[in-house]
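Here the structure comes first, spelled out in C-alpha coordinates, and everything after it is commentary.
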Amino acid sequence: MRILIAEGDMLLMKALKTALIRSGFESDVVKNGLEAAEYLKCGNYDGAIIDDVLARLSGLEVVREARQTGVLTPIMVLSSKNSVEETVSLLDAGANDVLKKPFDMREATARLGAMTRKYDAQTASFLKIGNLTLDRRDFQLSSPNGRARLTRKEFQLIETLMSHPRMLIRTDALFDKVWGYESKVEINALWVTMSMLRKTIKSLDANVRIVTMRNVGYKIEEC
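Position 99, counted from 1, in the sequence shown is what numbering that gives the first Met the number 0 calls 98; the numbers after and before it change by one each time, with no gaps.
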(Lines of atoms letter the chains of each structure in order from A and count residues from 1; the text may use other names and numbers.)
(Lines give C-alpha, C1' and ligand atoms only; values in the text may rest on other atoms or scores of the structure.)
Protein backbone atom coordinates (compact mmCIF):
# COMPACT_ATOMS: atom_id res chain seq x y z
CA MET A 1 0.00 0.00 0.00
CA ARG A 2 1.19 3.53 -0.81
CA ILE A 3 0.53 6.41 1.56
CA LEU A 4 0.86 10.15 0.92
CA ILE A 5 2.44 12.12 3.78
CA ALA A 6 2.04 15.91 3.88
CA GLU A 7 4.03 17.23 6.81
CA GLY A 8 6.11 20.41 7.06
CA ASP A 9 8.05 19.28 10.13
CA MET A 10 10.98 17.31 8.67
CA LEU A 11 11.67 15.36 11.85
CA LEU A 12 8.06 14.25 12.18
CA MET A 13 7.86 13.48 8.46
CA LYS A 14 10.94 11.23 8.68
CA ALA A 15 9.57 9.51 11.80
CA LEU A 16 6.24 8.86 10.06
CA LYS A 17 7.98 7.51 6.96
CA THR A 18 10.10 5.15 9.07
CA ALA A 19 7.09 3.96 11.05
CA LEU A 20 5.15 3.27 7.85
CA ILE A 21 8.03 1.28 6.35
CA ARG A 22 8.17 -0.86 9.48
CA SER A 23 4.41 -1.46 9.15
CA GLY A 24 4.70 -2.54 5.51
CA PHE A 25 3.59 0.71 3.82
CA GLU A 26 5.31 2.58 1.00
CA SER A 27 5.05 6.36 1.13
CA ASP A 28 5.54 9.57 -0.82
CA VAL A 29 6.15 12.86 0.98
CA VAL A 30 5.21 16.46 0.18
CA LYS A 31 5.87 19.59 2.19
CA ASN A 32 2.89 21.86 1.55
CA GLY A 33 -0.86 21.72 1.12
CA LEU A 34 -0.90 22.65 -2.56
CA GLU A 35 1.35 19.71 -3.42
CA ALA A 36 -0.78 17.43 -1.23
CA ALA A 37 -3.94 18.42 -3.11
CA GLU A 38 -2.26 17.86 -6.48
CA TYR A 39 -0.86 14.47 -5.52
CA LEU A 40 -4.22 13.31 -4.18
CA LYS A 41 -5.84 14.25 -7.50
CA CYS A 42 -3.39 12.05 -9.39
CA GLY A 43 -5.22 9.20 -7.78
CA ASN A 44 -5.12 5.87 -6.08
CA TYR A 45 -3.12 6.41 -2.95
CA ASP A 46 -4.36 3.89 -0.44
CA GLY A 47 -4.37 6.55 2.24
CA ALA A 48 -3.02 9.97 3.22
CA ILE A 49 -1.65 11.55 6.37
CA ILE A 50 -2.11 15.33 6.22
CA ASP A 51 -0.92 17.85 8.81
CA ASP A 52 -3.50 20.47 9.71
CA VAL A 53 -0.95 23.31 9.54
CA LEU A 54 0.65 23.38 6.08
CA ALA A 55 1.99 26.13 3.85
CA ARG A 56 -0.09 27.29 0.85
CA LEU A 57 -3.18 25.22 1.79
CA SER A 58 -4.22 24.12 5.27
CA GLY A 59 -5.07 20.52 6.07
CA LEU A 60 -8.75 21.46 6.15
CA GLU A 61 -8.50 23.06 2.70
CA VAL A 62 -6.70 20.00 1.32
CA VAL A 63 -9.46 17.72 2.57
CA ARG A 64 -12.19 19.98 1.18
CA GLU A 65 -10.57 20.23 -2.24
CA ALA A 66 -9.98 16.49 -2.39
CA ARG A 67 -13.60 15.67 -1.68
CA GLN A 68 -14.94 18.39 -3.99
CA THR A 69 -12.92 16.95 -6.88
CA GLY A 70 -14.08 13.39 -6.27
CA VAL A 71 -11.01 12.00 -4.49
CA LEU A 72 -12.10 9.11 -2.26
CA THR A 73 -8.70 8.30 -0.73
CA PRO A 74 -8.95 7.87 3.07
CA ILE A 75 -7.39 10.87 4.82
CA MET A 76 -6.08 11.08 8.39
CA VAL A 77 -5.42 14.60 9.61
CA LEU A 78 -2.79 15.30 12.28
CA SER A 79 -4.25 18.09 14.39
CA SER A 80 -2.32 20.41 16.67
CA LYS A 81 -5.52 22.04 17.92
CA ASN A 82 -7.11 20.40 20.92
CA SER A 83 -10.69 21.48 20.22
CA VAL A 84 -13.92 19.68 19.41
CA GLU A 85 -14.76 22.38 16.85
CA GLU A 86 -11.59 21.67 14.85
CA THR A 87 -12.22 17.93 14.86
CA VAL A 88 -15.84 18.38 13.78
CA SER A 89 -14.81 20.76 10.96
CA LEU A 90 -12.26 18.27 9.63
CA LEU A 91 -14.65 15.33 9.78
CA ASP A 92 -17.46 17.35 8.20
CA ALA A 93 -15.09 18.32 5.37
CA GLY A 94 -14.43 14.66 4.62
CA ALA A 95 -11.51 13.54 6.78
CA ASN A 96 -11.78 9.87 7.77
CA ASP A 97 -9.86 10.27 11.03
CA VAL A 98 -8.31 13.00 13.15
CA LEU A 99 -5.30 12.25 15.35
CA LYS A 100 -4.29 14.81 17.96
CA LYS A 101 -0.64 15.77 18.47
CA PRO A 102 1.45 14.59 20.19
CA PHE A 103 0.71 10.94 19.37
CA ASP A 104 2.30 7.51 19.57
CA MET A 105 3.50 6.15 16.21
CA ARG A 106 1.96 2.79 17.04
CA GLU A 107 -1.45 4.40 17.34
CA ALA A 108 -0.94 6.33 14.10
CA THR A 109 -0.03 3.22 12.08
CA ALA A 110 -2.79 1.16 13.70
CA ARG A 111 -5.41 3.78 12.83
CA LEU A 112 -4.04 4.10 9.32
CA GLY A 113 -4.18 0.32 8.87
CA ALA A 114 -7.80 0.18 10.04
CA MET A 115 -8.75 3.10 7.80
CA THR A 116 -7.14 1.67 4.67
CA ARG A 117 -8.50 -1.85 5.27
CA LYS A 118 -12.03 -0.45 5.39
CA TYR A 119 -11.44 1.52 2.19
CA ASP A 120 -9.87 -1.47 0.44
CA ALA A 121 -12.89 -3.62 1.27
CA GLN A 122 -15.16 -1.02 -0.33
CA THR A 123 -13.06 -0.48 -3.47
CA ALA A 124 -14.56 -1.87 -6.66
CA SER A 125 -12.68 -4.74 -8.30
CA PHE A 126 -13.29 -3.31 -11.77
CA LEU A 127 -12.76 0.02 -13.50
CA LYS A 128 -14.51 0.71 -16.79
CA ILE A 129 -14.46 3.37 -19.50
CA GLY A 130 -16.05 2.88 -22.90
CA ASN A 131 -15.75 -0.83 -23.72
CA LEU A 132 -12.46 -1.16 -21.80
CA THR A 133 -12.43 -2.86 -18.38
CA LEU A 134 -9.58 -3.13 -15.88
CA ASP A 135 -9.72 -6.04 -13.45
CA ARG A 136 -7.84 -4.93 -10.34
CA ARG A 137 -7.70 -8.48 -8.99
CA ASP A 138 -5.44 -9.93 -11.68
CA PHE A 139 -3.95 -6.95 -13.60
CA GLN A 140 -6.00 -7.77 -16.72
CA LEU A 141 -7.30 -5.27 -19.25
CA SER A 142 -10.16 -6.42 -21.45
CA SER A 143 -12.64 -5.40 -24.13
CA PRO A 144 -15.26 -7.40 -26.04
CA ASN A 145 -12.41 -8.28 -28.40
CA GLY A 146 -9.97 -9.88 -25.96
CA ARG A 147 -7.91 -9.71 -22.78
CA ALA A 148 -4.33 -8.74 -21.94
CA ARG A 149 -2.32 -9.10 -18.75
CA LEU A 150 -0.39 -5.98 -17.71
CA THR A 151 2.92 -5.48 -15.98
CA ARG A 152 2.76 -3.84 -12.55
CA LYS A 153 3.80 -0.42 -13.87
CA GLU A 154 1.36 -0.65 -16.80
CA PHE A 155 -1.37 -1.56 -14.34
CA GLN A 156 -0.56 1.35 -12.01
CA LEU A 157 -0.59 3.84 -14.89
CA ILE A 158 -3.85 2.67 -16.45
CA GLU A 159 -5.51 2.34 -13.03
CA THR A 160 -4.63 5.94 -12.23
CA LEU A 161 -5.96 7.19 -15.57
CA MET A 162 -9.14 5.09 -15.48
CA SER A 163 -9.87 6.21 -11.92
CA HIS A 164 -10.08 9.76 -13.27
CA PRO A 165 -11.56 9.46 -16.77
CA ARG A 166 -11.26 12.55 -18.96
CA MET A 167 -9.24 14.30 -16.21
CA LEU A 168 -5.82 15.61 -17.22
CA ILE A 169 -3.15 14.29 -14.85
CA ARG A 170 0.18 16.09 -14.80
CA THR A 171 3.15 14.09 -16.07
CA ASP A 172 5.25 14.67 -12.95
CA ALA A 173 2.39 13.71 -10.63
CA LEU A 174 1.72 10.55 -12.65
CA PHE A 175 5.41 9.63 -12.66
CA ASP A 176 5.74 10.19 -8.91
CA LYS A 177 2.59 8.16 -8.25
CA VAL A 178 3.86 5.08 -10.12
CA TRP A 179 7.64 5.22 -9.66
CA GLY A 180 7.75 7.07 -6.34
CA TYR A 181 8.53 10.59 -5.23
CA GLU A 182 12.23 9.81 -4.62
CA SER A 183 12.77 7.45 -7.57
CA LYS A 184 16.03 7.66 -9.52
CA VAL A 185 14.37 6.25 -12.66
CA GLU A 186 14.37 8.55 -15.70
CA ILE A 187 11.11 10.03 -17.05
CA ASN A 188 11.48 8.02 -20.27
CA ALA A 189 10.36 4.98 -18.27
CA LEU A 190 6.90 6.57 -18.22
CA TRP A 191 7.00 7.26 -21.96
CA VAL A 192 7.95 3.65 -22.75
CA THR A 193 5.29 2.21 -20.45
CA MET A 194 2.64 4.55 -21.85
CA SER A 195 3.57 3.44 -25.38
CA MET A 196 3.10 -0.19 -24.38
CA LEU A 197 -0.31 0.61 -22.90
CA ARG A 198 -1.40 2.31 -26.11
CA LYS A 199 -0.37 -0.75 -28.10
CA THR A 200 -2.32 -3.00 -25.75
CA ILE A 201 -5.45 -0.84 -26.02
CA LYS A 202 -5.12 -0.85 -29.81
CA SER A 203 -4.71 -4.64 -29.87
CA LEU A 204 -7.96 -4.96 -27.91
CA ASP A 205 -9.72 -2.72 -30.46
CA ALA A 206 -11.10 -0.65 -27.59
CA ASN A 207 -13.03 2.57 -28.18
CA VAL A 208 -10.73 4.35 -25.72
CA ARG A 209 -7.54 6.37 -26.18
CA ILE A 210 -4.82 7.86 -24.01
CA VAL A 211 -4.36 11.52 -24.91
CA THR A 212 -1.07 13.36 -24.43
CA MET A 213 -1.01 17.09 -23.73
CA ARG A 214 2.60 17.91 -24.59
CA ASN A 215 4.63 19.13 -21.61
CA VAL A 216 1.51 18.95 -19.43
CA GLY A 217 0.14 15.46 -18.86
CA TYR A 218 -2.15 12.61 -19.89
CA LYS A 219 -5.81 11.68 -19.79
CA ILE A 220 -7.92 8.74 -20.92
CA GLU A 221 -11.18 9.21 -22.81
CA GLU A 222 -13.59 7.48 -25.18
CA CYS A 223 -13.05 8.01 -28.89
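Yeah, the Cβ is synthetic: ideal placement off N, Cα and C, and Gly gets one too. Here the structure is a predicted model, which is why all the values come from computation and not from measurement.
Query	Result
Between Ile219 and Leu133, how many whole angstroms is the CB-CB distance? I'm expecting something under 8 angstroms.	Their Cβ separation, rounded to whole angstroms, is 10 angstroms, which puts Ile219 and Leu133 out of contact at 8 angstroms.
Kindly indicate which three-state DSSP category Lys30 falls into: helix, strand or coil?	coil
Can you tell me the Cα-Cα spacing of Gly46 and Cys222, whole angstroms?	32 angstroms
Kindly confirm or deny that the stretch 46 to 61 and the stretch 0 to 15 touch, where touching means at least three C-beta pairs closer than 8 angstroms.	yes
So if DSSP puts Lys99 in a beta bridge, which residue, or which two residues, is it bridged to?	Ser78
Take every Cβ of the stretch 191 to 207, pair it with every Cβ of the stretch 139 to 146, and state whether three or more of those distances are shorter than 8 angstroms.	yes
Under 8 angstroms, with one C-beta from each stretch per pair, do the stretch 71 to 91 and the stretch 23 to 34 reach the 3-pair mark?	no
Verify whether the separation of the beta carbon atoms of Ser79 and Val61 is less than 8 angstroms.	no
Under 8 angstroms between the Cβ atoms of Gly7 and Asp50?	yes
Residues bridged to Val210 by DSSP?	Lys218
Spatial neighbours of Gly93 within its chain, please: C-beta separation below 8 angstroms, excluding the five flanking residues on both sides.	Val62, Arg63, Ala65, Arg66, Ile74
Between Phe102 and Asp175, what straight-line distance do the alpha-carbon atoms span, to the nearest angstrom?	29 angstroms
Classify Trp190: buried if its beta carbon has 16 or more other beta carbons within 10 angstroms, exposed otherwise.	exposed
Among all the DSSP beta bridges, which residues are the ones paired with Ala47?	Leu3, Ile74
What did DSSP end up calling Asp134 once you bin it into helix, strand or coil?	strand
Quick one: what does DSSP say Arg55 is sitting in, helix, strand or coil?	coil
Between Leu126, Ile200, Asp171, Pro164, which lies nearest to Arg146 when the distance is taken from Cα to Cα?	Ile200
Considering only residues of the stretch 125 to 178, which uninterrupted beta strand (DSSP E) runs meet the minimum length of 3 residues and lie entirely inside it, listed in chain order?	125 to 128, 131 to 134, 139 to 142, 145 to 148
Would you mind reading off the limits of the alpha helix (DSSP H) that contains Ile200?	187 to 202
With distances taken between CB atoms, is the gap from Val210 to Arg169 smaller than 8 angstroms?	no
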